[in-house]
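*Asks:* Here this note's numbering runs 327 ahead of the position in the sequence shown, where the first position is 1. Cβ atoms here follow ideal geometry from the backbone N, Cα and C, with glycine treated the same way. Just so it is clear, the structure is predicted and the values come from calculations on it, not from any experiment.
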Amino acid sequence: MYCKISGHDYKVSRDVRSYVKEYSCNNCKKELPTNSKGDLYRINTKI
Ligand SMILES: [Zn+2]
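#1: Go through the residues and name those whose CB comes closer than 6 angstroms to any heavy atom of ligand 1, in chain order.
#2: Leaving out five residues before and five after residue 354 in sequence, what residues of the same chain have Cβ atoms less than 6 angstroms from its Cβ?
#3: What is the rounded straight-line gap between the Cα of residue 358 and the Cα of residue 333?
#4: Between which two residues does the beta strand (DSSP E) holding residue 381 run?
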């Protein structure tokens, strides 16, 4: 699967708050929560 090769292609799915965003993968629709700072918990962990 594409995500396993180059990682998930996260895009901002919506703005929950100005400082908290939600991300979802363009390919598999996996959602990625963010912390209170709006940072991704895990992204690009494997390069
Ligand atoms: Zn994905």
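*Replies:* According to the structure data:
#1: 330, 335, 352, 354, 355, 357
#2: Within the sequence shown, residue 354 is the residue found at index 27, counting from 1. Exclusion of the five residues before and after residue 354 leaves 329, 330, 336 as the residues of its chain whose Cβ lies within less than 6 angstroms of its Cβ.
#3: The residue given as residue 358 occupies position 31 in the sequence shown. The residue given as residue 333 occupies position 6 in the sequence shown. Using only the alpha carbons, I get a separation of about 17 angstroms.
#4: A query on residue 381 cannot be resolved here, the shown segment of the chain reaching from 328 to 374 and no further.
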